[in-house]
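Asks:
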Amino acid sequence: MSNILSYNLNEFIKMAASFHGSPAPGVLIGGFMVDYAYKHLPKGGEYDVICETSKCLPDAVQLLTPCSIGNQWLKIVDVGRYALTFYEKHTGRGIRVYLDWKLLEKFPQIKGWYLKLIPKKEQDADSLLREIMEAGSDICSLEEITVIIDPVNKRKNSSITICPSCEEAYRSEDGAICPGCQGGALPYSREKNLRHTSVDFNLSA
Ligand SMILES: [Zn+2]
1 MSNILSYNLN EFIKMAASFH GSPAPGVLIG GFMVDYAYKH LPKGGEYDVI
51 CETSKCLPDA VQLLTPCSIG NQWLKIVDVG RYALTFYEKH TGRGIRVYLD
101 WKLLEKFPQI KGWYLKLIPK KEQDADSLLR EIMEAGSDIC SLEEITVIID
151 PVNKRKNSSI TICPSCEEAY RSEDGAICPG CQGGALPYSR EKNLRHTSVD
201 FNLSA
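For the sequence shown, the working numbering gives the first residue as 1, with consecutive numbering after it.
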């Protein structure tokens, strides 16, 4: 049975269950994708990751690499493709690993899951897991890529100011009021403010 980096499969399934809530097929396949990428990356480099879906796959990256959403070494560009790009953070040189539907003929359960050909309630979880373990990274393809590193668009450590509308702190470069108050950004409406203190803001201090 193949490993995922330094973990055996049972260990990784437990890690996925604990972190993700369940050992979802997408996280397990993601584990093999990360392992496959690491086999092709020069050792000792500093790599950032772009994940092309927000579903399942980012958690495989966060479980197995130093890259997380919070440290921003993992970025999600949700174009809905099952793909990971690992690139050297200074040069942008790297590789992209993707789940390749053309390689799924031998794996009908994975194909049915990935292309949503089999409704979820009709999926056979055990057969799917068996196929995922059998396939490993054989269902992935690889390409060389270069990420465009744009220093201009790297967010500067901009100054912080207080929004005159909500009175919360935000990046001053985002406008005269915070993006939350500019509208459209957040999917909630405020019902009741339970703010417990009221202070005068003195930004010149
Ligand atoms: Zn505001």
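Don't be surprised by glycine CBs; every beta carbon is placed ideally from N, CA and C. The structure displayed is predicted, hence computed values, not measured ones.
Please classify Asp35: does DSSP put it in a helix, a strand, or coil?
Replies: Position 35 of the sequence shown, counted from the start, is the residue given in the question as residue 35. Reduced to three states, the DSSP call for Asp35 is helix.
Asks: With a CB to CB cut of under 6 Å and the five nearest residues on each side skipped, what residues in its chain are close to Ala60?
Replies: In the sequence shown, the residue the question calls residue 60 occupies position 60. Val27, Gly30, Gly31 and Val34.
Asks: Can you list the beta strand (DSSP E) stretches of 3 or more residues lying completely in the stretch 162-186, in chain order?
Replies: 169-171
Asks: When you measure from the CB of Ser22 to every non-hydrogen atom of ligand 1, does any distance come out below 7 Å?
Replies: Translated into positions along the sequence shown, residue 22 becomes position 22. Flag unset: Cβ of Ser22 not near ligand 1.
Asks: Quick one, which of Thr146, Ile145, Glu122 and Pro108 has its alpha-carbon nearest Arg130's?
Replies: The residue labelled residue 130 in the question sits at position 130 within the sequence shown. Residue Pro108 is the option with its Cα nearest to Arg130.
Asks: Check the C-beta distance from Gly94 over to Tyr47 and give it rounded, since I have them as a contact under 8 Å.
Replies: Within the sequence shown, residue 94 is the residue found at index 94, counting from 1. Within the sequence shown, residue 47 is the residue found at index 47, counting from 1. Yes, they are in contact, since the Cβ atoms of Gly94 and Tyr47 sit about 7 Å apart, within 8 Å.
Asks: Under the rule that 16 or more other beta-carbon atoms within 10 Å means buried, what is Ala17, buried or exposed?
Replies: The residue labelled residue 17 in the question sits at position 17 within the sequence shown. It is exposed - the Cβ of Ala17 has fewer than 16 other Cβ atoms within 10 Å.
Asks: Let me make sure I understand the geometry here. Which of Asn3, His90 and Lys120 has the alpha-carbon closest to that of Ile149?
Replies: For the purposes of this step, residue 149 is identified with residue 149 of the sequence shown, where counting begins at 1. Of the listed residues, the one whose Cα sits closest to Ile149 is His90.
Asks: Given a cut-off of 8 Å on the beta-carbon distance, is the pair Val49 and Phe86 in contact?
Replies: Translated into positions along the sequence shown, residue 49 becomes position 49. Translated into positions along the sequence shown, residue 86 becomes position 86. Cβ atoms of Val49 and Phe86: closer than 8 Å.
Asks: Out of Pro58, Tyr82, Cys181 and Ala83, which one is the CA nearest neighbour of Trp73?
Replies: Counting from one through the sequence shown, the residue named residue 73 turns up at place 73. The option with the nearest alpha carbon to Trp73 is Pro58.
Asks: Would you report the Cα separation of Tyr7 and Leu128, rounded to the nearest angstrom?
Replies: Here residue 7 corresponds to residue number 7 of the sequence shown, with the count starting at 1. Here residue 128 corresponds to residue number 128 of the sequence shown, with the count starting at 1. A direct Cα-Cα distance of roughly 20 Å separates Tyr7 from Leu128.
Asks: Report yes if the C-beta of Ile177 is less than 7 Å from at least one heavy atom of ligand 1; otherwise report no.
Replies: The residue given as residue 177 occupies position 177 in the sequence shown. Relative to the non-hydrogen atoms of ligand 1, the Cβ of Ile177 comes within a distance shorter than 7 Å of at least one.
Asks: Can you pull the DSSP bridge partners for Ser141?
Replies: Your numbering for residue 141 matches position 141 in the sequence shown. Per the DSSP secondary-structure output, Ser141 pairs in a beta bridge with Tyr98.
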